[in-house]
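Residue numbers (the working numbering): 83 to 312.
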Amino acid sequence: MKLLKDLYNILMPRKCVVCQNTLEPTEQYICAACSVQLPRYPLKSIEDNELLRKAWNFAPIQYGATLLYYRHQSDFHNIIIKIKYKGGFQLGIKMGEWAAREIAHLQLAEKTDLIVPVPSDSNRKKRRGYNQAELIATGMGRIMRLPVMNLLTKKESGESQTRLGMKARKENATGNYEANIPANLKGKHILLVDDVLTTGATIGNCAQAILTDDPQAKVSIFTLTYNANR
Ligand SMILES: [Zn+2]
């Protein structure tokens with residue numbers, strides 16, 4: 083098995099996702115040099131922080147956390163690009179596992195009951211074959227020992243405009259996201275997971291969709307990266 087792996091590494095040298103240098107056999111996805119330079123977000127509190135203040139514009143949320151700054155211009159952006167567009171299926175799961183270990187001290191696993199990924203456009207998912215938030219959530223669920231469930235759907239854009247009245251207004255408040263919480267999961271504390279938080283609208287609308295479907299639920303949020311520039 084090891085021989086096969088060595089051979090594979092010679093034929094297909096593994097490269098650091100960030101700097102593209104060849105990885106040492108002990109390194110996975112990100113080289114040691116890049117690992118120490120990751121643009122870490124200095125999270126001081128999970129009860130009140132920049133992410134929560136953005137997301138609170140859309141829904142009442144309990145706790146919020148992130149790990150890295152989203153830096154469009156830097157090589158670290160390659161991590162997100164790779165997970166999103168370049169078949170980084172395993173990388174997405176590994177980043178989720180890594181994230182869960184990194185935030186273990188925040189005890190979100192103890193505070194929440196299940197993980198729900200933010201859905202991607204169903205068209206985009208069809209094209210790419212997977213949802214990047216779901217990959218991160220899957221990795222986190224393994225380490226945090228929490229179930230990962232797809233309880234949210236994003237409706238095709240344009241659909242809402244054709245509807246009127248109460249339903250249309252409800253959709254407006256949740257930005258076209260819809261939650262379907264099964265009866266046995268009502269009143270649970272849900273950890274919503276996404277790859278990036280920018281304005282907070284996406285994850286905030288997802289939180290509101292959950293709370294609209296289940297007013298007894300609690301919602302907390304985790305995003306792998308945080309875009310502070312907007
Ligand atoms: Zn590197």
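No residue lacks a Cβ here, since even glycine has one placed at the ideal position from N, Cα and C.
Worksheet entry | Under 8 Å between C-beta atoms of isoleucine 175 and threonine 220 | yes
Worksheet entry | In DSSP terms, what arginine 122 is bridged to | Leu150
Worksheet item: In terms of residue numbering, what span does the beta strand (DSSP E) encompassing tyrosine 259 cover?
Response: 259-261
Item to complete: Ignore the nearest five residues each way along the sequence and tell me which others in cysteine 288's own chain have a CB closer than 7 Å to its CB.
Response: Val200, Leu234, Tyr259 and Leu274
Worksheet item: Starting from isoleucine 143 and walking both ways along the beta strand (DSSP E), at which residues does that stretch end?
Response: Unbroken run through isoleucine 143: none, as it is neither H nor E.
Discussion item. Can you tell me whether lysine 300 is helix, strand or coil according to DSSP?
Written reply: strand
Fill in: glutamine 290 (DSSP reduced to helix, strand or coil)
helix
Worksheet item: Leaving out the 5 sequence neighbours to the left and right, which residues in its chain are closer than 8 Å to threonine 148 when beta-carbon positions are compared?
Response: Tyr123, Leu125, Leu133, Leu279, Phe304, Thr305, Leu306, Thr307 and Tyr308
Worksheet item: Rounded to a whole number of angstroms, what is the C-alpha to C-alpha distance between glutamate 238 and glycine 257?
Response: 11 Å
Worksheet item: Just how far apart, CA to CA, sit isoleucine 272 and cysteine 116?
Response: 32 Å
Worksheet item: With burial defined as no fewer than 16 other Cβ atoms inside 10 Å of the residue's Cβ, what is the status of alanine 261: buried or exposed?
Response: buried
Fill in: leucine 173 versus Gly146, Leu190, Val198 and Asn213, residue with shortest Cα-Cα distance
Asn213
Item to complete: Taking all protein chains shown into account, decide if glycine 282 is buried (16 or more other Cβ within 10 angstroms of its Cβ) or exposed.
Response: buried
Fill in: 4 or more residues per run - each alpha helix (DSSP H) lying fully within the region 214-240
214-226
Practice prompt. On a CA-only basis, which of Ile163, Lys236, Pro229 and Lys270 is nearest isoleucine 197? Give me that one, please.
Written response: Pro229
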